[in-house]
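Down below is the structure, laid out as structure tokens.
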Amino acid sequence: MLQITNLHANVGDKPILKGLTLSLNAGEIHAIMGPNGAGKSTLGYMLSGRPGYEVTEGAVTFNGQNLLELEPHERASAGLFLGFQYPVEIPGVSNVQFLREALNAQRKNRGEAPLSGAEFLKVAREQATALGMDMDMLKRPVNVGFSGGEKKRNEMVQMGIIDPALAILDETDSGLDIDALRIVGDGINRIMRRPDKAVLLITHYQRLLDYVKPDFVHVLADGRITRSGGPELALELERDGYKELAA
Amino acid sequence: MNDDMDIKDKAAWDAAERVADYEHGWSSDIETDFAPKGLTEDTIRFISAKKNEPEWMLEWRLKAFASWKTMTPPDWAKLNVPPIDYQDAYYYAEPKAKPKLGSLDEVDPEILRIYEKLGIPIAEQKLLAGVEGGEDGGLPQRRVAVDAVFDSVSVATTFRAELERAGVIFRSISEAIKEYPELVKKWLGKIVPMHDNYFATLNCAVFSDGTFVYIPEGVRCPMELSTYFRINAENTGQFERTLIIADKGSYVSYLEGCTAPMRDENQLHAAVVELVALDDAEIKYSTVQNWYPGDAEGKGGIYNFVTKRALCQGRNSKVSWTQVETGSAVTWKYPSCVLNGENSVGEFYSVAVTNNYQQADTGTKMIHNGKGSRSTIVSKGISAGHSNNTYRGLVRVAPNAEGVRNFTQCDSLLLGSLSGAHTVPYIEVRNPSAQIEHEATTSKISDDQMFYAMSRGLNTEEAVTLIVNGFAKEVLQQLPMEFAVEAQKLLGISLEGSVG
């Protein structure tokens, strides 16, 4: 589904990714772990097309398509979703309005008919309920006045409504208490643990992986994958730390 | 976070150079009957004669003209306007061959086609097509009466019969001058005095047509009243005149929407709107203004010098101004409330968008003379391109006005790094019991917001439109339903190409 080959990328003039190669197949969940500043968030932004992130070498294909030549909204329409580490506030725009416009924009780009208000609300209500979020929150402005945990949960509601083929989740576990962690973990499994979907989980900690079992774990350090393995690698990291591995 | 300050706003910067095309840039073929070019007493006599006006009206116009010749244009606004040659313009134009019509069905299809192109709200189109109600069962059914002002002359008035049953008078001002001279004489020039300012005085001399509304005591106007203005003839100044009188305990909601075709030469517009609300009366006046703003280099566009003022004369009277200003090369406009009545209420809700080389200096005056009078001002300025957008407001509390309250909020949103936002609030309080609050913010559309919206599937324009509409929401939600939808689209259209 996603094939990253020898990816080099700069932010401004600063090289962040230095030859990253990674391959995700449908039905797989991959976890990317690594120390601060290793380039984990950059990878997420790169893949979703954030302006200012410049690819200097390498290639990325998504379902056979050259991902790098697509605009961010085209990547979204192609089925890629980025769960933000710091979800952004949009004052005055309700979650419902935001998501309905976003979803219908994606559908339009794919040549599908837009959802009516009623159809959309049905989907939105299902997803919000499944994530323990009440409908009133969906009517509030996007992320405005939300706690850290609510913002992350809201990202998962968005993911549920948009129903992407590939989700890149950037530290979705940070800022969550134990209960919220379980709810979010269950959400990821429910929405994304399917034979036709894939997930790239970017995280510092093992704890999310207790709820979302990865098929593969990779260590990202200094802009490239330094180690790959199964779920046991995450436990090893938790025990020994990144320093040990980098050495 | 991986933000890098160097990349901030680069996209907006680049796109500020891009051209925004004017969606409503077209013109029509309808023949025009011109007054001779230039402005003399003869011009004024021509206009007055064309309209078969009574002698008192002509005298009033001539008196204004004599004053105007001694006046000079105001220069205090933050506007850069080249000198206007008032002799190099036409002061009267009307569509030809127009017998008075009973309904819009009889209107020239060319005119209806233009209205359709302007996107007259669906509810209205349904009504025009004879379909009452609509598919949106959840919404209250709305009824809108249209007094269509095409160029300078009222072409037709719909729903007149129903309004008349309610006792509402809804006429072109030319008709009202002839049919209701006493009412017109009583209030015309009483809210905006003849010598109020250069542009208002000019309007007194040469006003072409406009709207007159009278809501009798205790009547709630059974439908929204709506006028669509169009500037259609090249080199034609537009001098609309509107007078709305809400008698005791009455209510009316009035909508004014405008757009104009693309022209190379600047067009002057100097309208005067006078509102008066007596005891317990309420007037809600909403405007969407989308005149041609000039091209991306700042060439052409409408000069819009408007005087709008409301007299809240009665106890508990209320006037609410809501405006969405996206068009015109130059906007000079301060819809105001003179709050004479005890416990009277004035409101001003404004969104002003400027792009490319547009200039807007707009705001309000809330003059508190009545005890316990209250006012609310919410101004949202959005500047893009090389434009300048100024909020200028005055809150004045008279010595005898006990217990006055005002709340003012001025928010500015900047797109790109070449545009300007300015806030000039004047507060003059002469009574110590007054409570005055003023809040102001200036912000930019952040790269974070843009990327967040785009990562969910919105393209650049859609993302800008969404964020800007969120910024302006408090004002937009004051608009009647049909206008709100139109206005939301308009904000997006006006900012096309401003972020890329």
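Sequence order for the protein chains is S and V. Note that this note's numbering has the first sequence beginning at 734, numbered continuously upward. Note that this note's numbering has the second sequence beginning at 9, numbered continuously upward. The beta carbon of each residue, even a glycine, is placed where N, CA and C say it ideally should be. Treat the numbers as computed from the prediction; the structure is a model and nothing was measured.
Expected contact under 8 Å - CB spacing of residue i and residue j to nearest Å
i                 : j                 : result
Glu-61 (chain V)  : Trp-195 (chain V) : Going by Cβ atoms, the distance from Glu-61 (chain V) to Trp-195 (chain V) rounds to 17 Å, so no, they are not a contact pair.
Ile-52 (chain V)  : Ala-213 (chain V) : 6 Å
Val-296 (chain V) : Leu-498 (chain V) : 6 Å
Asp-903 (chain S) : Gly-777 (chain S) : 4 Å
Val-361 (chain V) : Glu-333 (chain V) : 7 Å
Ser-391 (chain V) : Leu-422 (chain V) : 6 Å
Glu-469 (chain V) : Glu-504 (chain V) : 6 Å
Pro-805 (chain S) : Ser-463 (chain V) : 5 Å
Pro-230 (chain V) : Ala-174 (chain V) : 5 Å
Lys-292 (chain V) : Ser-261 (chain V) : 4 Å
Ala-857 (chain S) : Ile-894 (chain S) : 6 Å
Lys-256 (chain V) : Gly-322 (chain V) : 7 Å
Ser-781 (chain S) : Leu-813 (chain S) : 6 Å
8 Å Cβ cutoff, residue i in contact with chain S
i                 : result
Glu-49 (chain V)  : no
Leu-402 (chain V) : no
Phe-459 (chain V) : yes
Leu-474 (chain V) : yes
Leu-498 (chain V) : no
Gln-133 (chain V) : Because Gln-133 (chain V) carries a pLDDT of 41, less than 50, the predicted location of this residue cannot be relied on, and the following value inherits that uncertainty. Not closer than 8 Å to any Cβ of chain S, the Cβ of Gln-133 (chain V) fails to qualify, so no.
Under 7 Å by beta carbon: chain S residues contacting residue i
i                 : result
Ser-463 (chain V) : Ser-781, Pro-805, Ala-809 and Leu-815
Asp-456 (chain V) : Val-821
Neighbouring residues, chain S, relative to residue i (Cβ below 8 Å)
i                 : result
Lys-452 (chain V) : Those do not exist, as Lys-452 (chain V) stays about 13 Å from chain S at its closest Cβ, beyond 8 Å.
Residue i at chain V interface by Cβ criterion, 8 Å
i                 : result
Gly-878 (chain S) : no
Phe-853 (chain S) : no
Pro-989 (chain S) : A query on residue 989 (chain S) cannot be resolved here, the shown segment of chain S reaching from 734 to 980 and no further.
Ile-921 (chain S) : no
Phe-831 (chain S) : yes
Ile-958 (chain S) : no
Ala-980 (chain S) : Bear in mind that the predicted position of Ala-980 (chain S) carries a pLDDT of just 43, short of 50, making it too unreliable to give a figure here.
Residues sharing a beta bridge with residue i, DSSP
i                 : result
Val-353 (chain V) : V:Lys-326 and V:Arg-382
Met-374 (chain V) : V:Cys-345 and V:Val-403
Asn-312 (chain V) : V:His-277 and V:Thr-339
Leu-444 (chain V) : Here the sequence assigns Ile to residue 444 (chain V), which means Leu is not the residue at that position. Ile-444 (chain V) pairs with V:Asn-414.
Gln-246 (chain V) : V:His-277
Asp-896 (chain S) : In the DSSP output, where bridge partners are listed per residue, Asp-896 (chain S) has none listed.
Glu-290 (chain V) : V:Tyr-259 and V:Lys-326
Asn-799 (chain S) : S:Thr-794
Asn-743 (chain S) : S:Pro-748 and S:Glu-787
Neighbour list for residue i in chain V, Cβ cutoff strictly below 9 Å
i                 : result
Gln-891 (chain S) : Arg-464
Ile-895 (chain S) : Arg-464 and Gly-465
Proximal chain V residues relative to residue i, where beta-carbon distance stays under 7 Å
i                 : result
Gln-839 (chain S) : Gly-465
Whether residue i touches residue j by CB criterion (8 Å)
i                 : j                 : result
Ile-749 (chain S) : Asn-743 (chain S) : yes
His-763 (chain S) : Val-932 (chain S) : yes
Leu-251 (chain V) : Ile-92 (chain V)  : no
Thr-330 (chain V) : Ser-383 (chain V) : no
Ala-429 (chain V) : Ser-420 (chain V) : yes
Gly-302 (chain V) : Tyr-357 (chain V) : no
Val-829 (chain S) : Tyr-460 (chain V) : no
Trp-299 (chain V) : Gly-335 (chain V) : yes
Tyr-98 (chain V)  : Ile-55 (chain V)  : no
Phe-313 (chain V) : Ala-337 (chain V) : no
Val-826 (chain S) : Ala-861 (chain S) : no
Thr-315 (chain V) : Val-359 (chain V) : no
Glu-410 (chain V) : Lys-388 (chain V) : no
Tyr-938 (chain S) : Arg-915 (chain S) : no
Gly-424 (chain V) : Gly-393 (chain V) : yes
Leu-191 (chain V) : Leu-233 (chain V) : no
Ile-765 (chain S) : Leu-953 (chain S) : yes
Proximal residues of chain S, C-beta to C-beta of residue i below 9 Å
i                 : result
Phe-491 (chain V) : Within chain S, no residue comes near Phe-491 (chain V); the closest Cβ sits about 18 Å away, beyond 9 Å.
Glu-470 (chain V) : His-806, Glu-834, Ala-835 and Ala-838
Under 8 Å from the C-beta of residue i: neighbouring residues of chain V
i                 : result
Gly-825 (chain S) : Asn-477, Gly-478, Phe-479, Ala-480, Lys-481 and Glu-482
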